[in-house]
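Here's the structure, in structure tokens; my notes come after.
Protein chains in written order, with my numbering: chain A, 26 to 463; chain B, 48 to 377.
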């Protein structure tokens with residue numbers, strides 16, 4: 026009996042341990058600490074350039090410069106976008122994270138709600154050079170309205186419609202000014218037999234999908250959250266906005282294979298190689314386009330057009346913010362570092378390799394030598410961009426709605442164009458998932 | 048005489064120890080204590096590590112399932128509000144969309160496990176039977192078949208994800224070359240995603256079955272087969288009446304291990320599809336991951352983990368009970 030019991034117990038223990046692992050939480054990251062005599066900060070930078078190595082090469086000399094100026098050493102870790110949110114989450118739950126980190130600015134209210142980040146109250150803001158040094162639209166993304174922000178803008182980005190000048194000229198087309206024109210241009214420019222399509226798309230990227238669901242929903246006059254912060258994803262405007270985006274795939278003006286493209290160089294690569302005539306992307310796509318051999322004079326940029334008679338929202342206020350972990354032992358050094366990174370002098374240097382718009386009020390964009398492109402993006406940020414919802418469960422909105430839209434694009438790519446009721450059902454499911462999280 | 052002297056000496060030592068004579072009793076007691084402690088000391092590191100790595104996180108996971116641990120409390124877990132059984136009720140209310148998606152995920156996982164374990168066992172058994180016999184090149188095949196098992200798991204699955212790409216994936220290329228498809232099938236989205244996941248999991252799991260069964264086969268004496276041949280038993284009769292009964296103890300453990308690994312499989316869907324797989328491939332481990340790390344509702348994720356734990360314990364208990372009883376009868 027005993028002989029049988031021991032292996033049985035061993036197996037039971039194995040079952041128990043494997044199954045319950047889902048409930049445990051990992052820890053990650055390392056706390057910044059003081060070195061012998063000198064302070065060392067740990068900094069998690071998001072991947073802004075065409076690769077992590079490029080980011081290290083760009084940031085390395087700047088961090089040395091900061092060390093020379095202040096005596097504070099910065100230990101840099103560049104983290105890819107697919108891993109960043111989970112790493113931050115693990116650091117938040119374990120309390121062991123970096124001193125300073127970059128976050129997607131749309132995550133700011135969600136991360137603020139964790140209470141793990143240092144609020145930039147009046148004294149903290151004073152220490153980094155004051156609120157007035159930032160572009161107001163970008164500064165507003167730092168956290169929920171009415172609360173001290175827990176992040177400040179570092180790089181500003183907005184969406185624009187890139188078009189291939191030669192392909193448009195050859196087809197006798199001008200850049201579209203309405204969504205209907207964009208659709209008809211895309212059809213004319215599509216020739217599947219040559220592997221050429223009107224539009225490039227990152228159909229497997231949940232972030233891209235939710236961004237366009239929001240932008241096109243805004244064009245249709247819909248907000249994903251009501252005034253009390255309750256999710257309202259299934260309104261007719263949201264359904265129409267999602268359909269506007271998914272129809273690009275249903276109408277076969279994008280390469281069906283792009284349903285598998287995720288955050289990466291694939292979609293800009295298709296555009297740069299002449300396999301797609303248009304690309305809807307944030308202004309940092311310039312890096313990938315140039316890396317893929319395109320000259321800035323080969324493409325033009327206009328605002329993403331809205332359907333005739335609808336709101337002309339062309340983007341949301343995208344970008345990267347900087348936060349400080351509340352439990353840092355080096356608060357003063359961290360504030361000095363944030364001040365350094367957001368200073369006009371550093372912004373001027375970093376905006377070029379990272380193709381970002383400046384976050385400093387009154388600064389001139391220098392991320393491109395193409396003056397028309399710079400002017401277009403600056404105009405979109407100033408007049409046609411709105412922030413994503415500043416609610417605590419914004420990041421869940423991004424993942425759930427983004428993934429629902431991805432599934433709809435996949436359905437369209439496999440030949441079954443989603444109907445309004447399909448879209449409404451998918452959005453309802455995303456909303457139900459939000460409800461489970463309270 | 049010599050032996051008597053030895054006996055006397057031995058008795059003398061025993062006698063001294065019993066009488067508690069000075070110089071004898073102390074070392075004896077120390078030796079006795081250390082003998083008693085030795086097994087505990089030897090097992091202590093394993094117990095401490097088991098507690099730290101498995102038991103404590105498991106208990107914490109169970110506690111988490113009873114509290115509302117969301118993003119608002121992850122920086123300070125202890126302040127999460129007590130919610131009792133509400134997460135369990137939510138998961139088990141199959142008429143609600145959330146409970147329904149949990150049930151769907153459970154059904155997908157059951158089908159996935161049955162297919163992967165069944166196909167892996169069949170392939171492993173077939174290969175073991177073939178490679179058990181002596182022939183030229185047997186060593187090469189044995190090594191080749193074990194490659195998927197020896198390969199780092201992430202590298203293997205990532206290679207599959209490249210092979211399953213639509214435009215430049217090897218799978219579509221081969222299928223088109225053979226004239227079976229137009230070469231434009233999607234393997235990582237829609238309903239095909241499930242079959243891709245099954246194929247990759249079988250590729251990864253069957254060498255384990257092969258290895259275990261091959262080892263089991265080597266313990267069956269050749270004489271038994273020779274005798275069966277003499278009695279006129281063909282290959283199928285030999286497999287049915289000699290091989291399978293002899294492999295019963297190996298199969299009992301191996302099938303259970305494959306079942307547990309496959310039911311809890313996380314790597315295959317995560318590497319193939321990312322954090323949110325297509326609905327057809329939404330197996331339970333990644334469903335729980337989604338609730339915890341996508342929706343930041345660790346309480347609900349933990350409740351589903353505990354339900355999974357209870358299910359696996361019940362299935363394992365029944366399995367062991369049934370098969371051990373049969374073994375006893377046999």
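Built from N, CA and C at the ideal position, the CB exists for glycine as well. Here the structure is a predicted model, which means the values were calculated and not measured.
Contact under 8 angstroms by Cβ, residue i with residue j
i, j, result
"residue 106 of chain B", "residue 205 of chain B", "no"
"residue 451 of chain A", "residue 429 of chain A", "yes"
"residue 264 of chain A", "residue 445 of chain A", "yes"
"residue 163 of chain B", "residue 252 of chain B", "yes"
"residue 269 of chain A", "residue 182 of chain A", "no"
"residue 338 of chain A", "residue 177 of chain A", "no"
"residue 244 of chain A", "residue 228 of chain A", "no"
"residue 333 of chain B", "residue 324 of chain B", "yes"
"residue 322 of chain A", "residue 184 of chain A", "no"
"residue 143 of chain A", "residue 152 of chain A", "no"
"residue 180 of chain A", "residue 365 of chain A", "no"
"residue 38 of chain B", "residue 167 of chain B", "Limits of chain B in this structure are 48 at one end and 377 at the other, which puts residue 38 of chain B out of reach."
"residue 141 of chain A", "residue 117 of chain A", "yes"
"residue 437 of chain A", "residue 305 of chain A", "no"
"residue 333 of chain A", "residue 232 of chain A", "no"
Residue-chain proximity (residue i, chain A), Cβ-Cβ < 8 angstroms
i, result
"residue 343 of chain B", "yes"
"residue 235 of chain B", "yes"
"residue 273 of chain B", "no"
"residue 71 of chain B", "Unreliable placement is indicated for residue 71 of chain B, whose pLDDT of 49 sits below 50; no coordinate value is reported for it."
"residue 127 of chain B", "no"
"residue 326 of chain B", "yes"
"residue 121 of chain B", "yes"
"residue 68 of chain B", "Confidence at residue 68 of chain B is low in this model, with a pLDDT of 45, below 50, so its placement is unreliable and the value that follows should be read with caution. No - not a single Cβ of chain A is within 8 angstroms of the one on residue 68 of chain B."
"residue 214 of chain B", "yes"
"residue 209 of chain B", "no"
"residue 340 of chain B", "yes"
"residue 8 of chain B", "Outside the displayed span of chain B (48 to 377) sits residue 8 of chain B, for which this structure offers no information."
"residue 118 of chain B", "yes"
Residue i beta carbon near the ligand ZN (any heavy atom closer than 7 angstroms)
i, result
"residue 414 of chain A", "For the structure depicted, the ligand ZN is absent and the ligand set is empty, with no information on it obtainable."
Cβ of residue i within 8 angstroms of any chain B Cβ
i, result
"residue 388 of chain A", "no"
"residue 443 of chain A", "no"
"residue 143 of chain A", "no"
"residue 216 of chain A", "no"
"residue 457 of chain A", "yes"
"residue 155 of chain A", "no"
"residue 72 of chain A", "no"
"residue 111 of chain A", "yes"
"residue 39 of chain A", "Confidence at residue 39 of chain A is low in this model, with a pLDDT of 44, below 50, so the placement of that residue should be treated as unreliable; the coordinate-derived value is given next. It does: the Cβ of residue 39 of chain A has a partner Cβ on chain B nearer than 8 angstroms."
"residue 284 of chain A", "yes"
"residue 435 of chain A", "yes"
"residue 269 of chain A", "no"
"residue 276 of chain A", "no"
"residue 297 of chain A", "no"
Pick from the options that is closest to residue i, judged by C-alpha positions
i, options, result
"residue 348 of chain B", "B/235, B/178, B/134", "B/134"
"residue 393 of chain A", "A/139, A/365, A/374", "A/374"
"residue 342 of chain B", "A/342, A/305, A/249, A/114", "A/114"
"residue 260 of chain A", "A/277, A/241, A/272", "A/241"
"residue 128 of chain A", "A/325, A/317, A/166, A/447", "A/166"
"residue 119 of chain B", "B/360, B/356, B/345", "B/345"
"residue 219 of chain A", "A/125, A/355, A/300, A/121", "A/300"
"residue 331 of chain A", "A/400, A/294, A/317, A/237", "A/237"
"residue 235 of chain B", "B/229, B/218, B/223, B/227", "B/218"
"residue 362 of chain A", "A/126, A/248, A/459", "A/126"
"residue 434 of chain A", "A/77, A/65, A/281", "A/281"
"residue 104 of chain B", "B/357, B/361, B/369, B/352", "B/352"
"residue 320 of chain B", "B/242, B/137, B/157, B/151", "B/242"
Rounded Cβ spacing between residue i and residue j (contact assumed at less than 8 angstroms)
i, j, result
"residue 258 of chain A", "residue 133 of chain A", "With a Cβ gap of about 21 angstroms, residue 258 of chain A and residue 133 of chain A do not count as contacting."
"residue 296 of chain B", "residue 244 of chain B", "Not confirmed; about 31 angstroms, so no contact."
"residue 147 of chain A", "residue 386 of chain A", "The Cβ separation is near 18 angstroms, so there is no contact."
Chain-ordered neighbours of residue i on chain C, where CB pairs are closer than 7 angstroms
i, result
"residue 454 of chain A", "In the structure shown, chain C cannot be found, because the protein chains are A and B."
Three CB pairs or more closer than 8 angstroms across the stretch 345 to 363 of chain A and the stretch 206 to 225 of chain A: no
Looking at C-beta atoms only, is the number of pairs between the stretch 206 to 220 of chain A and the stretch 408 to 425 of chain A that lie closer than 8 angstroms three or more? Verdict: no, contact absent.
Is the stretch 70 to 83 of chain A touching the stretch 309 to 329 of chain A, taking contact as three or more C-beta pairs under 8 angstroms? yes
Are three or more beta carbon pairs between the stretch 188 to 197 of chain A and the stretch 420 to 439 of chain A nearer than 8 angstroms? By the C-beta criterion, the stretch 188 to 197 of chain A is judged not to be in contact with the stretch 420 to 439 of chain A, since fewer than 3 inter-stretch pairs fall below 8 angstroms.
Contact between the stretch 96 to 106 of chain A and the stretch 159 to 172 of chain A (3+ Cβ pairs under 8 angstroms): no
On the three-pair Cβ rule with 8 angstroms, is the stretch 299 to 315 of chain B touching the stretch 129 to 146 of chain B? Contact fails: fewer than three Cβ-Cβ distances are below 8 angstroms.
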